[in-house]
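Down below is the structure, laid out as structure tokens.
Residue numbers (the working numbering): -14 to 113.
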């Protein structure tokens, strides 16, 4: 996936990020099956942590591929790491970069969740 980001091959990139890609569908179904099967064995705190992360996963997607500018910024960061390092060091740094983008997106999404929970959600509960 990130080879396309480094090489600026837009056609491959669109195939990889496309929601109808069979690999994306298989991966999503596999994660759903995994978490469904393991849900009983997790403690309450781990379940809450998984729900907290999963409630912001779309924000992660939007942060690094939601717009052309965000995608270019994400790809520039990946390219800078790739071309300034080599081998295992580059791989580990790119993984750390991806983890930082993931965590940043989740942190950025927290005000949206708070506004929905405290201000907007009560408005819709009366009409159901």
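The C-beta atom is built at its ideal place from N, Cα and C for all residues, glycine as well.
Nothing here was measured: the structure is a model prediction, and the numbers come from that model.
In the structure shown, residue 5 falls within a coil segment according to DSSP collapsed to helix, strand and coil.
Straight-line spacing of the CA atoms in residue 39 and residue 92 works out to 13 Å. Each of 84, 79, 99 was checked against the Cα of residue 61, and the nearest Cα belongs to 79.
A Cβ-Cβ separation of about 7 Å places residue 63 in contact with residue 82 under the 8 Å criterion. Rounded to whole angstroms, the separation of the alpha carbons of residue 16 and residue 76 is 24 Å.
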